[in-house]
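First up is the structure itself, then whatever we jot down about it.
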Amino acid sequence: MRRWFDDLPKYADDQSWHPKGVKRCRPEVFLFWLGLPLTLLAYFTVGAVLCLGLGLNQTNMNDYFAFGVWIVVDLAVIALGAGAFFTSFLNYIVGKTELKPIVNAAVLIGFICYVGAILMLGIDIGQPIRGWFGFWHANVHSMLTEVMFCITTYAIVLCIELLPSVLDNKRISRVPEFGTFSHNLHTIMIVFAAAGTFLSFFHQGSLGGMFGVLYARPFAARGGLGIWPWTFFLFIWSAIAAGPSFTTMIVMLTEKISGRKLTSHNVKMLMGKISGWLLVTYMLAKSADTAWWVWVKLPSMGLTMDDMYHNPYGYWLMWFELGLFGWVPALMLLQEKVRESYGLLFLAMVMTCTGVALNRFIFTIQSLALPVLPFEKFYAYLPSWQEWGIASLVLGFGLLVYMLAYRYLPIFPQEPELNDK
Amino acid sequence: MVIDLDKCTGCGACSVACMSENNVGVLHDETDKIRSITWLRVYQIDNGKPFPETEVAFIPRPCMHCQGGKAGTPGQAFFQADPLLDEEAHPPCVSVCPATATDYDWETGIVSQIPTRCIGCRYCVAACPYHARYFNWYDVPWPKGTPRALSPFVSPRMRGVVEKCTFCYPRYQRARNKAMVDGSDIGEMDYQTACAEACPSGAITFGQLQNPEHKVHKLISSEHTFRLLEKLHTDPKVYYMSKRAWVREMADNYVTRHKKLAQAAVGGGH
Chain R
1 MRRWFDDLPK YADDQSWHPK GVKRCRPEVF LFWLGLPLTL LAYFTVGAVL CLGLGLNQTN
61 MNDYFAFGVW IVVDLAVIAL GAGAFFTSFL NYIVGKTELK PIVNAAVLIG FICYVGAILM
121 LGIDIGQPIR GWFGFWHANV HSMLTEVMFC ITTYAIVLCI ELLPSVLDNK RISRVPEFGT
181 FSHNLHTIMI VFAAAGTFLS FFHQGSLGGM FGVLYARPFA ARGGLGIWPW TFFLFIWSAI
241 AAGPSFTTMI VMLTEKISGR KLTSHNVKML MGKISGWLLV TYMLAKSADT AWWVWVKLPS
301 MGLTMDDMYH NPYGYWLMWF ELGLFGWVPA LMLLQEKVRE SYGLLFLAMV MTCTGVALNR
361 FIFTIQSLAL PVLPFEKFYA YLPSWQEWGI ASLVLGFGLL VYMLAYRYLP IFPQEPELND
421 K
Chain A
1 MVIDLDKCTG CGACSVACMS ENNVGVLHDE TDKIRSITWL RVYQIDNGKP FPETEVAFIP
61 RPCMHCQGGK AGTPGQAFFQ ADPLLDEEAH PPCVSVCPAT ATDYDWETGI VSQIPTRCIG
121 CRYCVAACPY HARYFNWYDV PWPKGTPRAL SPFVSPRMRG VVEKCTFCYP RYQRARNKAM
181 VDGSDIGEMD YQTACAEACP SGAITFGQLQ NPEHKVHKLI SSEHTFRLLE KLHTDPKVYY
241 MSKRAWVREM ADNYVTRHKK LAQAAVGGGH
């Protein structure tokens with residue numbers, strides 16, 4: 001009679017878990033490099049134990065900077081993780097099947113971003129055990145309620161979207177039940193792509209709406225359409241512009257680190273083109289919004305633009321966000337020659353992602369840094385080492401999951417054919 | 001509430017009375033002012049002129065209990081409307097709370113805070129332009145024996161939640177109960193906040209703004225009355241008074257051009 005552990009020696013063979021037709025480094029080299037994410041996770045654990053055990057006094061946040069680096073990182077990774085829903089939307093719903101070779105990677109990166117953000121938010125709230133109150137005692141007027149609902153449900157959708165990649169692992173797919181389940185999941189993936197698009201669309205917007213509705217905070221306050229301030233739409237727009245760039249940028253980085261081609265350059269160029277057109281239209285809308293804010297909104301509050309920019313949060317931040325990391329990469333990505341060049345495409349995508357992350361930083365930190373009362377003081381904020389520890393979770397967790405997925409899951413379907421020679 | 005800034009000496013008795021009434025603790029390091037809890041904070045301002053023209057004023061700042069956002073202002077769909085009163089309310093902090101831990105009381109106009117429901121996300125802290133909301137960054141280190149001296153009417157708060165001035169709401173509840181038993185209305189002096197009672201110079205006056213019988217109702221019609229940050233349409237229920245123009249000007253932001261014109265019109269701010 002066959003016993004369950006008879007096959008164990010076979011399972012211990014690391015190579016048998018690798019995707020078909022690809023080469024991966026030796027297990028000892030892989031284990032060595034796993035030390036990097038594990039070190040980051042150890043740093044996170046120290047920060048988490050201190051913040052959960054002793055309280056948020058371990059951070060450098062205060063009653064003036066109620067939000068800090070965690071919210072900045074959360075907003076940034078959620079925006080950059082938007083590549084998952086938008087690429088799935090284009091691939092499954094719009095029918096842009098040229099993007100199929102990169103959809104798995106987009107979903108994986110989105111999963112990392114969202115799960116990392118949720119874990120961080122769990123530590124960010126002062127009473128983590130009461131986190132469920134947002135669902136139970138939900139205030140339907142709050143943008144944050146909508147964010148909590150949609151982020152949580154979308155993270156579940158991402159798990160489901162990622163599941164076929166896990167089940168398609170060479171060894172796991174040999175189990176007939178898993179193989180069948182995976183096949184069936186593939187056929188109904190359009191449903192999850194649609195659900196993901198709906199959920200992600202609204203929480204990206206609500207994250208922006210969170211700031212626009214702060215009508216007593218002149219830096220953030222915006223008018224809008226119905227119950228939605230303009231920031232609602234701008235956050236969605238910027239996220240879907242930066243998401244494809246971030247996905248492609250990570251794939252390109254993986255190619256450089258592993259020395260293997262993972263997707264054809266055409267796919268990357270298409271992602272760049274999508275990103276570029278969305279970024280140009282976003283920059284038009286963002287520039288119009290900024291002009292309206294400067295010439296209409298601020299004067300109505302008794303303020304001028306000069307009141308909004310003080311060092312260290314000076315005008316340079318605006319020029320960096322709108323100019324160097326806004327219009328410049330947008331126009332770069334529209335050029336076919338830029339997209340054809342591996343290096344320039346990578347550069348433009350890095351700049352796009354930097355611009356959107358900078359936008360999230362500005363909305364979070366600069367909104368709070370500027371004193372509203374005329375006789376209030378300006379306070380500066382720098383995160384504590386414990387805060388950086390918690391923030392490093394996204395990187396540590398992301399690297400760990402990404403390294404494992406790259407090694408064992410068929411994330412890049414084009415890889416065997418591209419590296420055949 | 002109306003606070004006469006020309007009468008305020010900045011003694012801080014109002015802050016002390018507030019802390020005692022509402023069981024606000026003393027932290028290990030109270031020099032860390034951006035983390036200490038002062039429901040009623042007293043700001044010191046000056047006219048920015050050198051001696052001997054220097055003038056100083058003090059601005060006691062409780063929670064403003066904003067009604068917020070008049071119709072036609074952005075975000076009106078977030079207004080909570082009371083069909084009985086035909087009024088709207090949209091305080092900056094209330095609509096943002098994801099867990100309904102803060103609410104607008106239609107009967108009194110008081111913005112409440114429910115610490116036991118607060119999840120500590122601090123979104124309301126970010127929304128308040130007056131810095132009237134405080135997060136408990138620490139557990140209060142109550143010295144041995146002191147808990148026995150706490151007010152039994154107000155629950156002390158735990159680490160990780162937000163708290164703020166409630167216009168001494170438990171006092172209102174007691175006054176309401178008494179009025180119910182007596183079969184009468186709540187009288188002006190039946191419900192007074194601790195800060196109003198403690199102020200030695202009588203700078204703080206408390207009552208119903210809409211009741212013509214109450215002193216505050218008359219005071220707010222004075223030409224010297226103003227509120228903080230009126231341009232933001234937060235519609236606060238705390239009014240200030242000062243005969244000094246520069247004090248009134250410090251209450252709000254003005255576009256530079258308007259500020260210069262205003263200064264020229266009043267001869268340099270007096």
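Top to bottom, those sequences are chains R and A.
The C-terminal position of the first sequence is numbered 421 in our numbering, with every residue numbered one higher than the one before it.
The C-terminal position of the second sequence is numbered 270 in our numbering, with every residue numbered one higher than the one before it.
For glycine and all other residues, C-beta sits at the position ideal for the given N, C-alpha and C.
Just so you know, these numbers come straight off a predicted model, no measurement behind them.
query                                                                                                                                                                               : result
Could one say the Cβ of A/Asp252 lies closer than 8 Å to chain R's Cβ atoms, at least one of them?                                                                                  : yes
How about A/Gly160: is its C-beta nearer than 8 Å to some C-beta of chain R?                                                                                                        : yes
Please classify R/Thr165: does DSSP put it in a helix, a strand, or coil?                                                                                                           : Going by the sequence as given, residue 165 of chain R is Ser instead of Thr. Helix at R/Ser165.
Taking only three categories from DSSP, how would you classify R/Phe149?                                                                                                            : helix
Taking its Cβ as the centre, do 16 or more other Cβ atoms sit within 10 Å of R/Phe325, making it buried, or is it exposed?                                                          : buried
What residue range is occupied by the uninterrupted alpha helix (DSSP H) comprising R/Thr187?                                                                                       : Pro176 to Thr187
Spell out whether any CB of chain R is found under 8 Å from the CB atom of A/His65.                                                                                                 : no
Using 8 Å as the threshold, is the C-beta distance between A/Leu219 and A/Thr205 below it?                                                                                          : yes
Which same chain residues, not among the five before or five after R/Gly95, have their C-beta less than 8 Å away from its C-beta?                                                   : none
For the structure I just gave you, are there three or more beta carbon pairs, one from the segment 342-354 of chain R and one from the segment 383-401 of chain R, closer than 8 Å? : no
Assuming R/Pro374 contacts A/Asn253 (C-beta within less than 8 Å), just tell me the rounded distance between them.                                                                  : 6 Å
Would A/Val216 pass as a contact of A/Met1 if the rule is Cβ separation under 8 Å?                                                                                                  : yes
Which stretch, first to last residue, makes up the alpha helix (DSSP H) that contains A/Ser112?                                                                                     : Taken as a continuous stretch (DSSP letters only), A/Ser112 belongs to no alpha helix (DSSP H), being part of the beta strand (DSSP E) at Val111 to Gln113.
Return the chain-ordered list of same chain residues with a C-beta closer than 7 Å to the C-beta of R/Trp327, the five sequence neighbours on each side being excluded.             : Met283
Decide if R/Val251 is buried, meaning its Cβ has at least 16 other Cβ atoms within 10 Å, or exposed.                                                                                : buried
Do three or more CB pairs link the segment 183-191 of chain A to the segment 150-163 of chain A at distances below 8 Å?                                                             : no
Check whether the Cβ of R/Arg360 lies closer than 8 Å to any Cβ atom in chain A.                                                                                                    : no
Verify whether the separation of the beta carbon atoms of A/Gln67 and A/Pro91 is less than 8 Å.                                                                                     : yes
Just to confirm before moving on: does the CB-CB distance between R/Ile365 and R/Leu207 stay below 8 Å?                                                                             : no
Return the residues of the segment 125-158 of chain A that lie within a Cβ-Cβ distance of less than 9 Å from chain R, sorted by chain order.                                        : Val125, Ala126, Ala127, Cys128, Pro129, Tyr130, His131, Arg133, Tyr134, Phe135, Asn136, Trp137, Tyr138, Asp139 and Met158
Less than 8 Å between the CB atoms is what I'm expecting for A/Lys336 and A/His65, so what's the real figure, rounded?                                                              : Residue numbering for chain A in the displayed model covers 1 to 270; residue 336 of chain A lies beyond these limits and cannot be assessed.
To be precise: take each residue of the segment 94-105 of chain A, compare its Cβ to all Cβ atoms of chain R, and keep it if any distance is under 7 Å. Which residues remain?      : Ser95, Val96, Cys97, Pro98, Ala99 and Thr100
Measuring CB to CB, does R/Glu415 end up less than 8 Å from R/Asn359?                                                                                                               : no
Along chain A, which residues have their Cβ under 7 Å away from the Cβ of R/Thr145?                                                                                                 : Pro98
If we cut at 8 Å on Cβ distances, does R/Gly53 have a partner in chain A?                                                                                                           : no
From the DSSP output, read off the bridge partner residues of R/Pro229.                                                                                                             : R/Gly224
So for A/Ala132, helix, strand or coil by DSSP?                                                                                                                                     : coil
Would a check of beta-carbon distances place R/Pro299 closer than 8 Å to chain A?                                                                                                   : yes
Tell me the residue span of the beta strand (DSSP E) that contains A/Asp46.                                                                                                         : Arg41 to Asp46
Within this structure, are the beta carbons of R/Gly196 and R/Gly81 separated by less than 8 Å?                                                                                     : no
Consult DSSP for R/His310 and reduce its assignment to one of helix, strand or coil.                                                                                                : strand
What are the residues of the segment 301-333 of chain R that lie near chain A, defined by any Cβ-Cβ distance shorter than 8 Å?                                                      : Met301, Gly302, Leu303, Thr304, Asp306 and Asp307
Under the assumption that R/Gly259 contacts R/Thr231 (Cβ atoms under 8 Å), give the Cβ distance between them as a whole number of angstroms.                                        : No, R/Gly259 and R/Thr231 are not in contact; Cβ-Cβ is about 42 Å, not under 8 Å.
Our contact map puts A/Val96 next to R/Leu40 with C-beta atoms below 8 Å; I'd like the distance itself, whole angstroms only.                                                       : No, A/Val96 and R/Leu40 are not in contact; Cβ-Cβ is about 33 Å, not under 8 Å.
Decide yes or no for the touch test of the segment 368-383 of chain R against the segment 123-130 of chain A: beta carbon pairs closer than 8 Å, at least 3 of them.                : yes
Does the beta carbon of R/Ile78 come closer than 8 Å to any beta carbon on chain A?                                                                                                 : no
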